[in-house]
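Quick note: the sequence shown uses the numbering used here, first residue 94, plus one each step. Beta carbons: idealized from backbone N, C-alpha and C, even for Gly. Since the structure is predicted, the reported quantities are computational estimates derived from the model, not experimental observations.
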Amino acid sequence: MRFRDELRDFFRFIVRPRLGPRLPGRHATRGWWEDWFPALSVGRLLKWALFLWSINLVFLGPIAVAAATAGGATHRLNIHDIPWMAALLWAPIVEELLFRYSMRRPGGLWWLVPAAVAALLMGPGWSGALLVAAILLICWLPHLVGPSCASRPLPWRYRLAFRRAFPWVFHAASLLFAAVHLYNFQLHNTPWWLLPLLVLPQWLTGLVLGWLRVKRGIGASMLLHGIFNGGPLVVVWMLMQWAPDMVNAL
94 MRFRDELRDF
104 FRFIVRPRLG
114 PRLPGRHATR
124 GWWEDWFPAL
134 SVGRLLKWAL
144 FLWSINLVFL
154 GPIAVAAATA
164 GGATHRLNIH
174 DIPWMAALLW
184 APIVEELLFR
194 YSMRRPGGLW
204 WLVPAAVAAL
214 LMGPGWSGAL
224 LVAAILLICW
234 LPHLVGPSCA
244 SRPLPWRYRL
254 AFRRAFPWVF
264 HAASLLFAAV
274 HLYNFQLHNT
284 PWWLLPLLVL
294 PQWLTGLVLG
304 WLRVKRGIGA
314 SMLLHGIFNG
324 GPLVVVWMLM
334 QWAPDMVNAL
(Lines of atoms letter the chains of each structure in order from A and count residues from 1; the text may use other names and numbers.)
(Lines give C-alpha, C1' and ligand atoms only; values in the text may rest on other atoms or scores of the structure.)
Protein backbone atom coordinates (compact mmCIF):
# COMPACT_ATOMS: atom_id res chain seq x y z
CA MET A 1 0.00 0.00 0.00
CA ARG A 2 1.07 3.56 -0.67
CA PHE A 3 1.35 5.92 2.27
CA ARG A 4 -1.69 7.91 1.19
CA ASP A 5 -3.71 4.67 1.14
CA GLU A 6 -2.66 3.99 4.72
CA LEU A 7 -3.48 7.58 5.66
CA ARG A 8 -6.95 7.18 4.18
CA ASP A 9 -7.40 3.91 6.08
CA PHE A 10 -6.33 5.62 9.32
CA PHE A 11 -8.93 8.37 9.01
CA ARG A 12 -11.65 5.83 8.24
CA PHE A 13 -10.50 3.77 11.21
CA ILE A 14 -10.66 6.53 13.83
CA VAL A 15 -14.20 7.37 12.73
CA ARG A 16 -15.21 3.73 13.06
CA PRO A 17 -12.58 1.64 14.90
CA ARG A 18 -12.72 -2.06 14.10
CA LEU A 19 -10.49 -5.08 14.54
CA GLY A 20 -10.39 -6.06 10.88
CA PRO A 21 -9.29 -6.32 8.25
CA ARG A 22 -5.53 -6.08 8.62
CA LEU A 23 -3.52 -4.11 6.10
CA PRO A 24 -2.14 -6.14 3.17
CA GLY A 25 1.22 -7.85 3.54
CA ARG A 26 0.77 -10.04 6.62
CA HIS A 27 1.03 -13.83 6.56
CA ALA A 28 -1.59 -15.66 8.62
CA THR A 29 0.78 -18.54 9.38
CA ARG A 30 3.30 -16.14 10.91
CA GLY A 31 0.80 -14.06 12.85
CA TRP A 32 2.60 -14.03 16.19
CA TRP A 33 6.00 -13.32 14.66
CA GLU A 34 4.71 -10.47 12.51
CA ASP A 35 2.79 -9.04 15.46
CA TRP A 36 6.13 -8.42 17.19
CA PHE A 37 8.49 -8.20 14.19
CA PRO A 38 6.45 -6.61 11.38
CA ALA A 39 7.53 -6.67 7.76
CA LEU A 40 7.34 -2.89 7.61
CA SER A 41 10.05 -0.66 6.19
CA VAL A 42 11.76 2.01 8.25
CA GLY A 43 10.91 4.46 5.49
CA ARG A 44 7.20 3.91 5.99
CA LEU A 45 7.55 4.39 9.75
CA LEU A 46 9.49 7.61 9.10
CA LYS A 47 6.65 8.87 6.90
CA TRP A 48 4.21 8.33 9.75
CA ALA A 49 6.60 10.04 12.15
CA LEU A 50 6.91 12.99 9.75
CA PHE A 51 3.12 13.17 9.53
CA LEU A 52 2.85 13.35 13.32
CA TRP A 53 5.71 15.83 13.72
CA SER A 54 4.20 18.08 11.04
CA ILE A 55 0.69 18.13 12.50
CA ASN A 56 2.01 18.63 16.00
CA LEU A 57 4.46 21.36 14.99
CA VAL A 58 2.03 23.34 12.85
CA PHE A 59 -1.32 22.83 14.60
CA LEU A 60 -1.48 20.95 17.90
CA GLY A 61 1.87 22.02 19.33
CA PRO A 62 1.10 25.77 19.22
CA ILE A 63 -2.26 25.10 20.88
CA ALA A 64 -0.52 23.17 23.66
CA VAL A 65 2.07 25.93 24.13
CA ALA A 66 -0.64 28.59 24.26
CA ALA A 67 -2.57 26.57 26.85
CA ALA A 68 0.57 26.07 28.95
CA THR A 69 1.35 29.79 28.80
CA ALA A 70 -2.20 30.76 29.71
CA GLY A 71 -2.37 28.31 32.61
CA GLY A 72 1.18 28.76 33.90
CA ALA A 73 2.20 25.14 33.26
CA THR A 74 5.87 24.36 32.64
CA HIS A 75 7.51 21.29 31.14
CA ARG A 76 9.51 18.98 33.36
CA LEU A 77 12.04 18.05 30.65
CA ASN A 78 15.57 19.14 31.46
CA ILE A 79 17.17 19.75 28.06
CA HIS A 80 20.62 19.44 29.66
CA ASP A 81 19.82 15.93 30.85
CA ILE A 82 17.96 14.26 27.99
CA PRO A 83 16.40 10.91 29.03
CA TRP A 84 17.50 8.98 25.95
CA MET A 85 16.85 5.48 27.26
CA ALA A 86 13.45 6.36 28.68
CA ALA A 87 12.32 8.09 25.48
CA LEU A 88 13.71 5.68 22.90
CA LEU A 89 13.32 2.31 24.62
CA TRP A 90 11.50 2.37 27.94
CA ALA A 91 8.43 4.43 27.09
CA PRO A 92 7.76 2.78 23.69
CA ILE A 93 7.81 -0.71 25.20
CA VAL A 94 6.01 -0.10 28.50
CA GLU A 95 3.40 2.33 27.22
CA GLU A 96 2.55 0.19 24.20
CA LEU A 97 2.17 -2.86 26.44
CA LEU A 98 -0.06 -0.89 28.80
CA PHE A 99 -2.28 1.00 26.38
CA ARG A 100 -2.33 -1.02 23.16
CA TYR A 101 -1.15 -4.63 23.45
CA SER A 102 -4.52 -5.90 24.70
CA MET A 103 -6.42 -4.30 21.81
CA ARG A 104 -5.84 -7.55 19.94
CA ARG A 105 -5.24 -9.86 22.89
CA PRO A 106 -7.84 -8.89 25.53
CA GLY A 107 -7.52 -12.22 27.32
CA GLY A 108 -4.44 -10.95 29.16
CA LEU A 109 -5.93 -7.69 30.37
CA TRP A 110 -6.40 -8.96 33.91
CA TRP A 111 -2.65 -9.46 34.51
CA LEU A 112 -0.86 -7.38 31.86
CA VAL A 113 -2.35 -3.97 32.68
CA PRO A 114 -1.51 -4.13 36.43
CA ALA A 115 1.99 -5.42 35.63
CA ALA A 116 2.59 -2.69 33.03
CA VAL A 117 1.30 0.00 35.43
CA ALA A 118 3.73 -1.28 38.06
CA ALA A 119 6.60 -1.16 35.54
CA LEU A 120 5.64 2.37 34.51
CA LEU A 121 5.70 3.50 38.15
CA MET A 122 9.02 1.77 38.81
CA GLY A 123 10.70 3.56 35.93
CA PRO A 124 13.69 2.44 33.84
CA GLY A 125 15.71 0.99 36.70
CA TRP A 126 16.79 -2.59 37.29
CA SER A 127 13.57 -3.61 39.01
CA GLY A 128 11.43 -2.09 36.26
CA ALA A 129 13.58 -3.64 33.54
CA LEU A 130 13.28 -7.09 35.12
CA LEU A 131 9.51 -6.72 35.37
CA VAL A 132 9.24 -5.68 31.71
CA ALA A 133 11.43 -8.65 30.71
CA ALA A 134 9.08 -10.93 32.66
CA ILE A 135 6.03 -9.43 30.94
CA LEU A 136 7.58 -9.97 27.50
CA LEU A 137 8.54 -13.53 28.40
CA ILE A 138 4.98 -14.32 29.50
CA CYS A 139 3.64 -12.83 26.24
CA TRP A 140 6.09 -14.85 24.13
CA LEU A 141 6.27 -18.11 26.08
CA PRO A 142 3.18 -19.87 24.65
CA HIS A 143 4.44 -19.22 21.11
CA LEU A 144 8.06 -20.11 21.83
CA VAL A 145 7.37 -23.34 23.73
CA GLY A 146 4.49 -24.62 21.65
CA PRO A 147 0.72 -24.57 21.25
CA SER A 148 0.24 -26.96 24.13
CA CYS A 149 1.30 -24.19 26.49
CA ALA A 150 -0.80 -21.49 24.85
CA SER A 151 -3.27 -19.70 27.07
CA ARG A 152 -6.90 -20.57 26.66
CA PRO A 153 -8.82 -18.22 24.35
CA LEU A 154 -11.63 -16.10 25.67
CA PRO A 155 -15.09 -17.65 25.44
CA TRP A 156 -16.91 -16.58 22.32
CA ARG A 157 -19.47 -14.42 24.16
CA TYR A 158 -16.66 -12.37 25.71
CA ARG A 159 -14.87 -11.99 22.40
CA LEU A 160 -18.11 -10.83 20.79
CA ALA A 161 -18.68 -8.33 23.61
CA PHE A 162 -15.13 -7.02 23.19
CA ARG A 163 -15.62 -6.55 19.45
CA ARG A 164 -18.77 -4.55 20.09
CA ALA A 165 -17.05 -2.40 22.71
CA PHE A 166 -13.84 -2.01 20.71
CA PRO A 167 -14.52 1.55 19.43
CA TRP A 168 -14.92 2.70 23.04
CA VAL A 169 -11.84 0.74 24.11
CA PHE A 170 -9.74 2.25 21.33
CA HIS A 171 -10.67 5.86 22.02
CA ALA A 172 -10.51 5.41 25.80
CA ALA A 173 -6.96 4.04 25.45
CA SER A 174 -5.96 7.05 23.32
CA LEU A 175 -7.39 9.49 25.86
CA LEU A 176 -5.74 7.73 28.79
CA PHE A 177 -2.44 7.67 26.91
CA ALA A 178 -2.68 11.44 26.47
CA ALA A 179 -3.75 12.00 30.08
CA VAL A 180 -0.73 10.14 31.44
CA HIS A 181 1.51 12.68 29.69
CA LEU A 182 0.14 15.46 31.89
CA TYR A 183 2.84 14.22 34.27
CA ASN A 184 5.36 15.81 31.86
CA PHE A 185 4.17 19.20 33.11
CA GLN A 186 4.36 21.08 36.36
CA LEU A 187 0.75 22.23 36.31
CA HIS A 188 0.84 24.79 39.13
CA ASN A 189 -2.63 26.43 39.05
CA THR A 190 -3.56 25.49 35.48
CA PRO A 191 -7.38 25.45 35.10
CA TRP A 192 -8.78 21.97 34.57
CA TRP A 193 -10.39 22.91 31.25
CA LEU A 194 -6.95 23.71 29.77
CA LEU A 195 -5.49 20.30 30.66
CA PRO A 196 -6.73 18.46 27.53
CA LEU A 197 -5.12 21.11 25.33
CA LEU A 198 -1.72 20.45 26.88
CA VAL A 199 -1.66 16.87 25.58
CA LEU A 200 -3.31 17.25 22.16
CA PRO A 201 -0.07 16.07 20.43
CA GLN A 202 -0.03 12.90 22.55
CA TRP A 203 -3.72 12.31 21.81
CA LEU A 204 -3.14 12.35 18.04
CA THR A 205 -0.03 10.20 18.47
CA GLY A 206 -2.04 7.71 20.50
CA LEU A 207 -4.64 7.46 17.73
CA VAL A 208 -1.97 6.68 15.13
CA LEU A 209 -0.17 4.20 17.39
CA GLY A 210 -3.44 2.44 18.19
CA TRP A 211 -4.35 2.17 14.51
CA LEU A 212 -0.87 0.83 13.73
CA ARG A 213 -1.06 -1.71 16.55
CA VAL A 214 -4.36 -3.07 15.27
CA LYS A 215 -3.42 -3.02 11.60
CA ARG A 216 0.29 -3.95 11.69
CA GLY A 217 1.14 -5.25 15.13
CA ILE A 218 2.53 -4.30 18.52
CA GLY A 219 6.10 -4.25 17.21
CA ALA A 220 5.21 -1.61 14.61
CA SER A 221 3.59 0.65 17.21
CA MET A 222 6.62 0.30 19.50
CA LEU A 223 9.00 1.21 16.67
CA LEU A 224 6.99 4.24 15.61
CA HIS A 225 6.68 5.33 19.24
CA GLY A 226 10.45 5.27 19.61
CA ILE A 227 11.05 7.12 16.34
CA PHE A 228 8.46 9.76 17.23
CA ASN A 229 10.03 10.36 20.65
CA GLY A 230 13.55 10.41 19.24
CA GLY A 231 13.05 13.08 16.58
CA PRO A 232 12.58 16.12 18.86
CA LEU A 233 15.31 14.90 21.21
CA VAL A 234 17.77 14.64 18.33
CA VAL A 235 16.92 18.21 17.30
CA VAL A 236 17.53 19.45 20.86
CA TRP A 237 20.83 17.54 21.04
CA MET A 238 21.97 19.06 17.73
CA LEU A 239 21.10 22.54 18.96
CA MET A 240 23.07 21.90 22.14
CA GLN A 241 26.10 20.94 20.06
CA TRP A 242 25.93 23.69 17.47
CA ALA A 243 23.93 26.51 19.09
CA PRO A 244 24.33 26.18 22.87
CA ASP A 245 23.59 29.87 23.46
CA MET A 246 20.16 29.44 21.87
CA VAL A 247 19.42 26.44 24.09
CA ASN A 248 20.56 28.23 27.24
CA ALA A 249 18.23 31.11 26.40
CA LEU A 250 15.19 28.82 26.32
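{"query": "Segments assigned beta strand (DSSP E), at least 3 residues, entirely inside the segment 154 to 189", "result": "none"}
{"query": "Pair within 8 Å by beta-carbon distance, F291 and A166", "result": "Residue 291 is actually Leu in this sequence, not Phe. Yes, these two residues count as a Cβ contact at 8 Å."}
{"query": "Buried versus exposed, by CB contacts within 10 Å (16 or more), H318", "result": "buried"}
{"query": "Sufficient close CB pairs (3 or more, under 8 Å) joining the segment 149 to 161 to the segment 292 to 308", "result": "yes"}
{"query": "Beta bridge counterpart(s) of Q279 as assigned by DSSP", "result": "T167"}
{"query": "When L116, F259 and G216 are compared against M196, the one with the closest alpha-carbon", "result": "F259"}
{"query": "Close Cβ partners of V327 (< 6 Å) along its chain, the five nearest in sequence each way excluded", "result": "none"}
{"query": "Rounded Cβ spacing between G303 and R193 (contact assumed at less than 8 Å)", "result": "6 Å"}
{"query": "Residue from R109, H264 and S134 with nearest C-alpha to R309", "result": "S134"}
{"query": "Member of G118, F103 and P117 whose CA lies at the smallest distance from the CA of R111", "result": "F103"}
{"query": "Rounded C-alpha distance that separates M315 from V187", "result": "9 Å"}
{"query": "8 Å contact criterion, which L229 and A209 should meet: CB distance rounded", "result": "About 11 Å; that fails the 8 Å criterion."}
{"query": "Proximity of F270 and G299 at Cβ, strictly below 8 Å", "result": "yes"}
{"query": "From K140, G164, W129 and W125, residue whose alpha carbon lies closest to that of D98", "result": "K140"}
{"query": "Buried or exposed by the 16-neighbour rule on C-beta atoms within 10 Å, applied to A243", "result": "Its pLDDT being 42, under 50, A243 is placed unreliably by the model, and nothing is read from it."}
{"query": "Reduced DSSP secondary structure (H/G/I, E/B, other) of R115", "result": "coil"}
{"query": "Cβ-based neighbour list, H236, same chain, cut-off 6 Å, excluding 5 preceding and 5 following", "result": "W125"}
{"query": "Residue-chain proximity (W203, chain D), Cβ-Cβ < 8 Å", "result": "You won't find chain D in this structure, because it holds only one protein chain."}
{"query": "Residues near F96 in its chain [Cβ-Cβ closer than 6 Å; skip 5 each side]", "result": "K140"}
{"query": "M331 in three-state terms, based on DSSP", "result": "helix"}
{"query": "Reference G218, options A179, L247 and W233, closest by Cα", "result": "A179"}
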